[in-house]
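A.B. asks: Heads up: the protein sequence lines correspond to chains A and B, in order. For the record, in the first sequence the residue sitting at position 120 is 143 according to the numbering used here, with numbers rising by one throughout. For the record, in the second sequence the residue sitting at position 176 is 199 according to the numbering used here, with numbers rising by one throughout.
2 protein chains.
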Amino acid sequence: MSHLRYSRLMAVDRDQVLRSAAALLTRRSTATMDEVAKAAGISRATLHRQFAGRDALVRALEALCIAECEAALAAARPDEGPAVDAVRRLIAEIEPNAPLLAFLYSENQLFEGEEQNEGWARIDERVAALFTRGQAGGEFRIDLTPAWLTEALYGLLASAAWAVAEGRVAPKDFTHMIAELLFGGVLRRDDPAPRKES
Amino acid sequence: MSHLRYSRLMAVDRDQVLRSAAALLTRRSTATMDEVAKAAGISRATLHRQFAGRDALVRALEALCIAECEAALAAARPDEGPAVDAVRRLIAEIEPNAPLLAFLYSENQLFEGEEQNEGWARIDERVAALFTRGQAGGEFRIDLTPAWLTEALYGLLASAAWAVAEGRVAPKDFTHMIAELLFGGVLRRDDPAPRKES
DNA sequence: CGCAGATGAGACATGAATGTCTCATCCAAG
DNA sequence: CTTGGATGAGACATTCATGTCTCATCTGCG
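Okay, here's the thing in structure tokens:
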């Protein structure tokens with residue numbers, strides 16, 4: 024049946040469009056549908072055939088980001104080994120998606136009363152669970168709530184992604200900067216923050 | 024001369040309008056000029072007479088925020104005593120303006136190529152100088168650049184302000200959460216993070 | 001009282017982005 | 001070759017926020 028190949032081709036195109044849209048909106052968060060279409064090398068009509076509107080496009084980007092964050096979460100093996108190392112792995116895994124995450128993070132403020140994608144809640148939960156595990160295992164201090172640590176991690180990821188995009192910090196320092204600040208804080212100590220991984 | 028009283032009254036009204044606009048835009052970043060006017064209890068015409076347009080309004084809010092951040096910076100006495108305490112004072116002083124800061128922080132992404140208010144550069148510089156002082160004095164670790172620490176502080180302030188607005192964390196923990204994470208990091212230690220102030 | 005200045009209400013035009021539509025073209029499968 | 005499906009180009013209407021304008025009203029002051 025031809026419509027099977029059709030579906031498959033559409034899926035491929037859709038993903039390519041989504042990627043280029045992510046790349047563009049990451050830089051220019053107010054880009055119009057016209058610009059998105061041009062950036063993807065397709066016409067606005069085709070873009071509209073794949074995504075009912077700008078809203079649908081952003082929702083699709085949200086779904087993509089959620090999927091990749093969940094993949095990152097899985098790849099980071101959050102239940103394995105010391106929580107410190109798991110968080111470090113998580114940051115490293117999320118790094119490629121940090122710009123998109125930052126875009127959606129600020130875009131969410133526009134989704135005022137509208138329903139939030141429940142995917143974020145799932146991710147929040149798993150990240151918070153990782154921090155909780157670290158606290159239970161005695162690795163992390165217990166006077167900062169997992170909810171705040173999760174929120175702070177998002178904030179640091181977004182800040183770092185933005186700082187890198189603006190050229191204020193070097194891209195190669197991304198993971199190290201976030202992890203070091205998150206783990207060790209800014210205070211100098213005689214007992215430096217332990218490095219469980221290389 | 025009547026126009027003197029007029030100027031004074033305008034100034035007062037202008038400030039009131041600015042405050043209510045800040046309060047509204049902090050919650051609904053996409054509020055229209057109509058909503059801003061209604062929130063301020065004036066008509067859209069009068070709002071337009073005081074601020075040429077939405078752009079001018081945001082610029083005015085930016086100027087207000089910069090002024091208050093500089094006031095907070097001054098009140099925090101960044102050159103006085105241990106840098107740790109100075110940063111803690113700074114966070115506490117900025118706290119009331121954190122929501123507005125968070126709004127402008129995300130709004131800045133829309134000011135793509137446009138000129139940035141040089142006030143932010145001044146503030147960045149002074150905050151970075153505070154971190155540099157802490158590093159020079161041996162209080163802060165030197166493997167994280169002052170530029171990144173400054174950026175991270177903004178990110179944490181914005182994250183915390185948003186988390187508080189969303190009801191995910193308690194408002195009273197604001198300063199403590201940020202300071203503790205920024206200073207001590209998340210790792211538990213035998214030697215806890217020193218508390219120079221209460 | 002009479003006036004000047006400020007305000008509120010609302011009409012109106014503008015511009016931008018969006019969503020919808022049609023039509024010509026192209027391409028690959030039959 | 002022929003045809004169905006996808007595409008690109010572009011016209012078109014719609015919506016929404018904005019910016020500008022006018023006019024009636026109100027208020028304080030002389």
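Backbone N, C-alpha and C fix where the C-beta goes; we use that ideal spot for every residue, glycine too.
In this structure, what does DSSP give as the bridge partners for L80(B)?
C.D. replies: Within the second sequence, residue 80(B) is the residue found at index 57, counting from 1. Per DSSP, none; premise fails for L80(B).
A.B. asks: Say whether chain B places a C-beta atom closer than 8 Å to the C-beta of M200(A).
C.D. replies: Indexing the first sequence from 1 puts residue 200(A) at position 177. Closer than 8 Å to some Cβ of chain B, the Cβ of M200(A) qualifies, so yes.
A.B. asks: In terms of alpha-carbon separation, which member of D38(A), E203(A), A152(A) and A193(A) lies closest to R88(A)?
C.D. replies: Indexing the first sequence from 1 puts residue 88(A) at position 65. The amino acid at residue 88(A) is misidentified as Arg; the sequence shows Cys. Nearest option by C-alpha distance: D38(A).
A.B. asks: Within the 8 Å Cβ cut-off, does G104(A) reach chain B?
C.D. replies: Numbered from 1 along the first sequence, position 81 holds the residue referred to as residue 104(A). No - not a single Cβ of chain B is within 8 Å of the one on G104(A).
A.B. asks: Is L205(A) near L167(A), with beta carbons less than 8 Å apart?
C.D. replies: Reading the first sequence from its first residue, position 182 is the one you call residue 205(A). Reading the first sequence from its first residue, position 144 is the one you call residue 167(A). No.
A.B. asks: Taking Cβ-Cβ distances below 8 Å as the criterion, which residues of the region 162-191 of chain B are in contact with chain A?
C.D. replies: E162, F163, R164, I165, D166, L167, T168, A170, W171, L172, E174, A175, Y177, G178, L179, A181, S182, A183, W185, A186 and R191
A.B. asks: Just to confirm my understanding: we take T198(B), look at its own chain, exclude 5 residues before and 5 after, and list those with CB closer than 7 Å. What are they?
C.D. replies: Numbered from its first residue, the second sequence carries residue 198(B) at position 175. Counting only residues of its own chain and dropping the five nearest sequence neighbours on each side, T198(B) has a CB closer than 7 Å to the CB of I114, A115 and E118.
A.B. asks: At a CB-CB cut-off below 9 Å, which residues of chain A make contact with F206(B)?
C.D. replies: Reading the second sequence from its first residue, position 183 is the one you call residue 206(B). The answer, in chain order, is G208, V209 and L210.
A.B. asks: May I have the straight-line CA-CA distance separating A83(B) from F74(B), to the nearest angstrom?
C.D. replies: In the second sequence, residue 83(B) corresponds to position 60, counting from 1. In the second sequence, residue 74(B) corresponds to position 51, counting from 1. Pairing A83(B) with F74(B), the inter-Cα distance amounts to about 8 Å.
A.B. asks: With DSSP run on the structure shown, which of helix, strand or coil describes L113(B)?
C.D. replies: Locating residue 113(B) in the second sequence gives position 90, where the first residue counts as 1. Helix at L113(B).
A.B. asks: Considering V59(B), what are the terminal residues of the alpha helix (DSSP H) in which it resides?
C.D. replies: Counting from one through the second sequence, the residue named residue 59(B) turns up at place 36. Taken as a continuous stretch (DSSP letters only), the alpha helix (DSSP H) holding V59(B) covers M56 to A63.
A.B. asks: To the nearest angstrom, how far is the alpha carbon of T55(B) from that of F163(A)?
C.D. replies: The residue given as residue 55(B) occupies position 32 in the second sequence. The residue given as residue 163(A) occupies position 140 in the first sequence. Answer to the nearest angstrom: the Cα atoms are 44 Å apart.
A.B. asks: Kindly list the residues whose CB is nearer than 6 Å to the CB of E103(A), restricted to its own chain and excluding five residues on each side of it in sequence; keep chain order.
C.D. replies: Within the first sequence, the letter at position 80 stands for residue 103(A). Excluding positions up to five away in sequence, the list is empty.
A.B. asks: Applying the 10 Å Cβ sphere with the 16-neighbour rule, what's the burial state of A97(A)?
C.D. replies: Stepping through the first sequence from its first residue, residue 97(A) is reached at position 74. Exposed.
A.B. asks: Identify each residue in the region 40-59 of chain A for which the Cβ-Cβ distance to at least one residue of chain B is less than 7 Å, and report them in chain order.
C.D. replies: R51, S52 and T53
A.B. asks: Report the CB separation of V59(A) from L41(A) in whole angstroms; it is logged as a contact under 8 Å.
C.D. replies: Against the first sequence, residue 59(A) aligns to sequence position 36. Against the first sequence, residue 41(A) aligns to sequence position 18. Rounded, the Cβ-Cβ distance is 10 Å, inconsistent with contact.
A.B. asks: Counting contacts by CB-CB distance shorter than 8 Å, is E203(A) in contact with chain B?
C.D. replies: Taking the first sequence and counting its residues from 1, the one referred to as residue 203(A) is at position 180. Yes, E203(A) lies at the interface with chain B (some Cβ there is under 8 Å from its Cβ).
A.B. asks: For E203(B) and A68(A), what's the separation of their Cα atoms in angstroms?
C.D. replies: Position 180 of the second sequence, counting from 1, holds the residue named residue 203(B). Position 45 of the first sequence, counting from 1, holds the residue named residue 68(A). When rounded, the distance between both Cα atoms is 52 Å.
A.B. asks: According to DSSP, what are the bridge partners of F163(B)?
C.D. replies: As a working note, residue 163(B) is residue 140 in the second sequence. According to DSSP, which records beta bridges pairwise, F163(B) is partnered with L210(A).
A.B. asks: Do you know offhand how far P101(B)'s Cα is from D78(B)'s?
C.D. replies: For this step, residue 101(B) is matched to residue 78 along the second sequence. For this step, residue 78(B) is matched to residue 55 along the second sequence. Taking the straight line from one Cα to the other gives about 33 Å.
A.B. asks: Could you give the DSSP three-state label for R225(A): helix, strand or coil?
C.D. replies: It is not possible to answer for residue 225(A), since the shown part of chain A is limited to 24 through 221.
A.B. asks: Quick one: what's got a C-beta closer than 6 Å to G157(A)'s C-beta in the same chain, skipping five residues either side?
C.D. replies: Stepping through the first sequence from its first residue, residue 157(A) is reached at position 134. Around G157(A), the same chain offers A106 and F163 as residues with beta carbons nearer than 6 Å, after the five sequence neighbours per side are excluded.
A.B. asks: Indicate whether W229(B) and A186(A) have their beta-carbon atoms separated by less than 8 Å.
C.D. replies: Residue 229(B) is absent from the model: chain B starts at 24 and stops at 221.
A.B. asks: For the alpha helix (DSSP H) holding R72(A), just list the boundary residues, first then last.
C.D. replies: Taking the first residue of the first sequence as position 1, residue 72(A) is located at position 49. In the DSSP assignment, R72(A) falls within the alpha helix (DSSP H) that extends over R67 to Q73.
A.B. asks: By how many angstroms is the C-alpha of P122(B) removed from the C-alpha of S182(B)?
C.D. replies: Sequence index remark: in the second sequence, residue 182(B) carries index 159 (1-based). Sequence index remark: in the second sequence, residue 122(B) carries index 99 (1-based). Rounded to whole angstroms, S182(B) to P122(B) spans 10 Å at the Cα level.
A.B. asks: Residues in its own chain within less than 6 Å of Y128(A) by CB, not counting five upstream and five downstream?
C.D. replies: Residue numbering aside, residue 128(A) sits at position 105 when the first sequence is read from its first letter. Excluding residues within five positions, the ones whose Cβ falls inside 6 Å are A181.
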